[in-house]
Amino acid sequence: MKRRDFIKTSLAVSTLPIMINGMPVNLMSSPFNELMGFLGQENDRILVLINLVGGNDGLNTVIPLDKYDLLAKFRGQVIIPEKDVLRINDETGLHPSLKSLKNLQDDAKLEIVQSVGYPNPNFSHFRSTDIWTSASDSDKVVTTGWLGRYLSEYHPDFPANYPNEEFKDPLSITVGSVVSETCQGHVASMGMALAPNGQFYDLNDIPYDSELEIRAGLELKYIRSVISQTNNYSVTLKSALEKSTNLVEYPNSAQNQLSDQLKTVARLIAGGLKTKVYVVSLGGFDTHSDQVVSGNPIFGTHATLLQSVAEAVGAFQQDLKLHGLEDRVVGMTFSEFGRRILANASFGTDHGTSAPMFLFGSMVNPIIHGNNPFIPNEVTVRDNLDYQFDFRSVYYSLLMDWFEVPQDKLEKIMLGKFDYMQLIRSSSSVGESNLPQAHLSVYPNPVVNNAFINHTFDCISAAKCSIVDYSGRLIYESNINIISGNAIELDLSHFPSGAYIVKISNGLKFGTIKLMKI
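So in my numbering, the last one in the sequence shown is 641, and the numbering has no gaps at all.
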């Protein structure tokens, strides 16, 4: 039985008890609908990835002002004049071409993760791209993408019988000629490619060749199935594009290659497409030479690229806001590596290691994670920046909080467990939403009697614990003591079966966690 048919049937008999492992679970229609999302089913959230192809120079993107004198010593030809830096605070600023991102930062819609990389970095464009798109260790070759594994987990039969009545839209869309490796599943690419201007590639004109049919029958059969699937998806894509218009003016695509891509993505989202993942890209970041203009480093190839990113993202975010959709979309930039500390003699920089990532949207946690990169007193051509955050922690945390992937699936998708980062704003009440987030996790889940809640409260303190049901009704409230590193135990043996939200606050931090009692 299809999931939606199951939900409809269940809601129709919601006054009757059902059994899980022989135990009764009482279902009310609204809580049950919420519960399906809680158990890892699809929500309506969307992730947009922007691939900065070539290796972005992080030191000229997010500029460590507190290290400026040292950087001037080693990057005299390419460093941005201090007076031109867009200051976020006294220690950190942005490249002057990132004015539109600075506007998002002023509006609390920009998040920065400093010095993102991975152990034992690889300096090959191709290999490091594979590592970033697959979320693999640097010494392992993985042929699936991290988002491909996520989509495969919830669509194990794909591509057979897709699109269908339940899933009419592409699972992912790459704006470009081929589907991003990020979306490669176990059997097939978990999505489709779309031209930057929203046009469809013509896949119908493959000539028939009887000899080729004999020699490559299986391969041709697969190709034709992809063509058929793409043509079927094109119906819903065209419908979404026809139903929507952009509500802002985007930068001219002749000068900004990212503009049309995000413009198309915004129209598809506004047109009601239920695609979860979009991947767009901008090339040119391999700035070995002419990264800056000699004698005027605020201009050059890198400045033009950063301006393209900032202005396209700024227009995209405003478009979503005017459509009333910005709370459903989070965007993220990534690049295969950063650049070296030491500039070269060609007004450029060479392949490096870590670099910052941007996340943007109304639901991101608008802070700077980590410290400015460490710059030693002496630098050689071999010296690189240490990474502070494994890029897989970013992926891991996004899947957990944005797509609400359960822990067991999360570690399977990410090929392991990684450090958690609070990348998404709290969904807590208004009065507590300004508090820093404490991350909570619960085991076992579902709960029979006692639940144990791990937390990131970093002190011994008194706290208030509240438990509400999915209608928002307060079920339980008590003062508790929390100790850093010790799990909080809750006795739920007397609770009716159902879905609940646990809220814990000590006045300094606030956290929520969903659980099911059976």
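For every residue, glycine included, the Cβ atom is placed at its ideal position computed from N, Cα and C.
In the DSSP assignment, MET639 forms a beta bridge with ALA622. Residue nearest to ARG548 within the set LEU521, ALA610, ARG462 is LEU521 (criterion: CA-CA distance). For ASN243, the closest C-alpha among the options THR476, SER564, MET537 is that of THR476. Here the alpha carbon of GLY493 sits roughly 25 Å from the alpha carbon of ILE627.
Contact check between the stretch 409-417 and the stretch 432-446: fewer than three CB pairs, one atom from each, fall below 8 Å, which does not count as touching. In the DSSP annotation of this structure, the continuous segment of the alpha helix (DSSP H) that includes MET523 starts and ends at 514-524.
As far as DSSP is concerned, HIS425 takes part in no beta bridge. In terms of Cβ geometry, PRO569 and ILE235 do not form a close pair [threshold 8 Å]. Relative to ASP614, the option among ARG390, SER589, ASN629 whose CA is nearest is SER589. With respect to ALA586, ILE598 sits apart: the two C-beta atoms are not nearer than 8 Å. Taking 8 Å as the cut-off, the beta carbon of PHE290 is found no closer than this to the beta carbon of GLY308. Following the DSSP letters along the chain, one finds HIS578 in no alpha helix (DSSP H) but inside the beta strand (DSSP E) bounded by residues 573-578.
Partner residues in the beta bridge of ARG462, as assigned by DSSP, are HIS474. Assignment of beta-bridge partners to GLY454 by DSSP yields VAL171, PHE483. Using a Cβ distance threshold of 8 Å, SER300 and GLY314 do not count as a contacting pair. For ILE598, the secondary structure class from DSSP, reduced to helix, strand or coil, is strand. By the CB criterion at 8 Å, ARG390 and SER357 fall outside the cutoff.
In the displayed model, SER404 falls within a strand according to three-state DSSP. Where ALA231 is concerned, there is no enclosing alpha helix (DSSP H), because DSSP gives it neither an H nor an E. Between the beta-carbon of ASP581 and that of LEU546 there is about 18 Å, and that puts the pair past the 8 Å contact cut. Here the C-alpha atom of GLN228 lies approximately 17 Å from the C-alpha atom of ASN183. Here HIS492 is bridged, per DSSP, to VAL236. When the beta-carbon positions are compared, PRO204 and ILE421 come within less than 8 Å of each other.
For ALA318, the three-state secondary structure derived from DSSP is coil. A distance of 8 Å or more separates the beta carbons of PHE408 and LEU172. Under DSSP, VAL208 takes part in no beta bridge, so it has no partner. According to the DSSP assignment, GLY299 belongs to no alpha helix (DSSP H), since it is labelled neither H nor E. For VAL502, the three-state secondary structure derived from DSSP is coil. The C-beta distance from ASN495 to THR215 rounds to 6 Å, short enough to meet the 8 Å contact threshold. DSSP places TYR566 outside any alpha helix (DSSP H); the residue lies instead in the beta strand (DSSP E), whose first and last residues are 563-566. Put simply, of ALA283, GLY178, LEU445, VAL201 the residue whose alpha carbon is nearest the alpha carbon of SER404 is GLY178.
THR267 counts as buried, since at least 16 other C-beta atoms from the protein chains shown sit within 10 angstroms of its C-beta. The secondary-structure analysis by DSSP pairs PRO187 across a beta bridge with THR215.
Cα atoms of VAL264 and THR252: separation of roughly 12 Å, rounded to the nearest angstrom. Partner residues in the beta bridge of GLN307, as assigned by DSSP, are SER312.
DSSP places SER589 in the uninterrupted beta strand (DSSP E) bounded by 584-592.
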